[in-house]
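**Student:** Counting from 3, one number per residue, gives the positions in the sequence shown under this note's numbering. Note that beta-carbon positions come from the ideal geometry of N, C-alpha and C, so glycine has one too. None of the values given here were measured: they were computed from a predicted structure.
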Amino acid sequence: MITLFFGAIAVGLSLGILGSGGAILTVPILAYGLGQTEKQAIASALIIVGVISSITAFRGIRQRLVNWPLVLLFGFPGMAGTYLGAWIASYLNGAIQMAVFAVVMLAAAWRMFQPVNNKSDDTQPQSYWLIGLQGMLVGVLTGFVGVGGGFLIVPALVLLSGLTMQTAVATSLVIIVMNSLIGFLKYQDVLALTQTRLDWSVIAIMTTVGVAGSLTGQRLSGRFSQHHLKRAFAVALILMAGFILYQSLPSLFPSMIL
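1. Using DSSP with H/G/I as helix, E/B as strand and the rest coil, what is Q249?
2. With a threshold of 16 other CB atoms inside 10 Å of the CB of I4, please say whether the residue is buried or exposed.
3. Once you ignore the five residues that flank L72 on each side, which residues in its own chain have a CB closer than 8 Å to its CB?
4. Using CA atoms only, rank isn't needed, just tell me which of V140, T210, R66 and A170 is closest to I49.
5. Excluding the five sequence neighbours on either side, which residues of its own chain have a C-beta within less than 8 Å of the C-beta of K188, listed in chain order?
6. Please state if the CB of I240 and the CB of A104 are separated by a distance shorter than 7 Å.
7. Which of helix, strand or coil does DSSP assign to Y85?
8. Going straight from the alpha carbon of G14 to that of W131, what length do you get?
9. Decide if S182 is buried, meaning its Cβ has at least 16 other Cβ atoms within 10 Å, or exposed.
10. Alpha helix (DSSP H) containing T144: first to last residue?
11. Give every residue of the same chain whose Cβ lies closer than 6 Å to the Cβ of I184, excluding the five residues on either side of it in the sequence, and list them in chain order.
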């Protein structure tokens with residue numbers, strides 16, 4: 003219960019302050035902290051992060067920060083990609099998903115270490131097909147390993163469309179909700195194949211506490227250095243990725259001795 007409570011707070015704070023990182027924390031908490039199967043953890047993370055993001059997104063919607071044309075251009079291809087990623091996941095071993103997940107965590111850590119300007123005045127909006135392609139690729143990742151993709155969506159929106167960070171984060175949260183919803187629905191078929199059921203009590207607790215953490219994170223976001231927060235988060239991701247690889251690789255390569 004302690005792992006569940008503090009894990010949910012960390013997920014909420016991450017989404018509230020950084021606009022990303024929710025599922026990257028949720029999946030390992032459920033899989034290794036609570037002992038869920040890989041596919042069970044991924045499916046649960048999708049609905050947990052989707053609900054938390056939907057509530058967190060209301061602030062950006064109220065403040066009219068969401069760029070709705072980009073939600074459509076990025077989000078709908080992302081939903082198609084999410085469905086495809088979840089479909090692919092149904093044919094693969096959970097250990098493969100977690101190994102890929104660890105690689106994604108390392109990529110997220112690298113992304114967190116990179117400086118992102120609040121606004122890129124030199125960046126011109128790119129073609130619609132490029133934005134849609136980026137959305138689809140992020141969606142495939144969401145469906146395959148259960149990450150919302152905020153750490154990819156936010157810089158993509160800034161670099162491809164020239165948005166400010168504030169607008170990119172608000173827009174990203176809406177896209178995360180869309181991707182998470184379609185991914186969770188498709189994962190019902192994936193879970194049915196393995197006759198796996200979700201633990202709705204864990205989902206309810208983690209979602210409720212996560213929402214509280216997210217709202218708190220939004221209030222605190224202006225009081226902390228985003229630069230230092232991202233660096234600290236990146237270090238945590240690297241450590242967790244190392245642990246996940248340590249746990250997953252022996253299942254993929256039984257001859258390895260770790």
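**Tutor:** Walking through what the data contain:
1. helix
2. exposed
3. I133, L159, S163, L165 and T173
4. T210
5. T84, Y85, A88, W89 and G145
6. no
7. helix
8. 33 Å
9. By the 10 Å Cβ count, S182 comes out buried.
10. Y130 to V147
11. M81, T84 and Y85
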